[in-house]
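Quick note, the numbering used here runs 20 ahead of the 1-based positions in the sequence shown.
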Amino acid sequence: MFLVGLTGGIASGKSSVLQVFQQLGCALIDVDVIARHVVQPGYPAHRRIVEAFGTKVLLENGDIDRKVLGDLIFKQPDLRQLLNSITHPEIRKEMMKQTFKYFLQGRRYVILDIPLLFETKKLLKYLKHVIVVYCNRDTQLVRLMERNGLSLEDAEARIQAQLPLKDKVRMANHVLDNSGRWSDTRRQAILLHMQLEQSLEYLPLRLGMLVGLAGIASLLYLLARCLLPSP
Ligand SMILES: Nc1ncnc2c1ncn2[C@@H]1O[C@H](COP(=O)(O)OP(=O)(O)OP(=O)(O)O)[C@@H](O)[C@H]1O
21 MFLVGLTGGI
31 ASGKSSVLQV
41 FQQLGCALID
51 VDVIARHVVQ
61 PGYPAHRRIV
71 EAFGTKVLLE
81 NGDIDRKVLG
91 DLIFKQPDLR
101 QLLNSITHPE
111 IRKEMMKQTF
121 KYFLQGRRYV
131 ILDIPLLFET
141 KKLLKYLKHV
151 IVVYCNRDTQ
161 LVRLMERNGL
171 SLEDAEARIQ
181 AQLPLKDKVR
191 MANHVLDNSG
201 RWSDTRRQAI
211 LLHMQLEQSL
221 EYLPLRLGML
231 VGLAGIASLL
241 YLLARCLLPS
251 P
């Protein structure tokens, strides 16, 4: 099995593209979903966030108020770092669990949806391929304003807070251009899936695992022969 990162810019079309991969039956790990999961009440990250930021970041039902927390960290990088230091280790643990589950299922590749892959860089070393969902800046701006009901100024500020999409494109192995019609993007995603599914890059890890298991089985057999009395 090998890991494929999927990233892009805000409102560039990552979630839409992921839905195509999902419809094709691909194994997906959605880092945003995990990030929401690990801060639910009762989880260690929830307790540590309340200790660090106070009860003002809580909704009445005890959930984290993502809007309040998001506004807080958007303007203060040191608070963003503090939040990351609480949530990232928990997110990584859950990602490893899900990756292992897919490995046991015999999947050839797994797509990890990591919106800020190039900004944080932490997971890059584990990825065999990186897909960037690109769209030109004007299209991105319009889609973001429409989807989030933002003013031009606010939408620009949010795009500005991320690495420019053009730089991400330069660091990608595969670029899905989502500037045009959705049917074009969908076709690009299907072709890429076929290419990844046919790749033999899943073999080294699978063979390594088989060799490892065969080694352990032989060792157990030899041990049993030495330790058990012969008939
Ligand atoms: N090719 C397309 N044509 C028209 N609209 C599109 C196209 N692709 C995506 N959209 C729309 O653009 C918006 C942003 O797309 P999407 O939510 O998939 O982006 P995203 O990269 O996941 O965003 P974010 O990271 O901000 O959550 C959505 O409203 C989506 O319906």
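Each residue gets a CB set at the ideal place from its N, CA and C atoms; glycine is no exception.
Being a predicted model, the structure only gives us computed values, none of them experimental.
Between the segment 77 to 96 and the segment 161 to 173, do at least 3 Cβ pairs fall closer than 8 Å? no
Does the beta-carbon distance from I106 to I69 come in below 8 Å? Yes.
Option nearest L183 by Cα separation, candidates Q43, G29, G25: G29
Rounded Cβ spacing between I151 and V40 (contact assumed at less than 8 Å): Wrong, their Cβ atoms sit about 12 Å apart, outside the cutoff.
Length of the line joining the Cα atoms of Y146 and L170: 35 Å
Does I54 have its Cβ less than 8 Å from a Cβ in chain B? As a matter of chain content, chain B is missing from the structure shown, which is built from one protein chain.
CA-CA distance, R6 and L240? Residue numbering for the chain in the displayed model covers 21 to 251; residue 6 lies beyond these limits and cannot be assessed.
Excluding the five sequence neighbours on either side, which residues of its own chain have a C-beta within less than 7 Å of the C-beta of A65, listed in chain order? Scanning its chain for C-beta atoms nearer than 7 Å, with the 5 sequence neighbours on each side dropped, one finds around A65 the residues V58, V59, I106, T107, E110, in chain order.
When the Cα of D133 is compared with those of K121, W202, M115, L124, which residue comes out closest? The option with the nearest alpha carbon to D133 is M115.
By the DSSP assignment, the beta strand (DSSP E) with T27 in it spans what residues? 22 to 28
Who are the near neighbours of S32 in its chain, counting only those whose CB is closer than 7 Å to its CB and skipping five residues on each side? V153, Y154, C155, Q160, L185, N198
Quick one: what does DSSP say L136 is sitting in, helix, strand or coil? It is coil, neither helix nor strand.
Which whole-angstrom value describes the C-beta separation of I49 and V130, a residue pair presumed to lie in contact below a C-beta threshold of 8 Å? 6 Å
Nonlocal neighbours in the same chain, by C-beta distance under 7 Å from C46, ignoring five residues either side: I131, H213
Kindly indicate which three-state DSSP category V231 falls into: helix, strand or coil? In the three-state scheme derived from DSSP, where H, G and I count as helix and E and B as strand, V231 is classed as helix.
Please classify K117 as buried or exposed, where buried requires at least 16 neighbouring CB atoms within 10 angstroms. exposed
When the distance is taken between beta carbons, is P135 closer than 8 Å to D187? By the CB criterion at 8 Å, D187 and P135 fall outside the cutoff.
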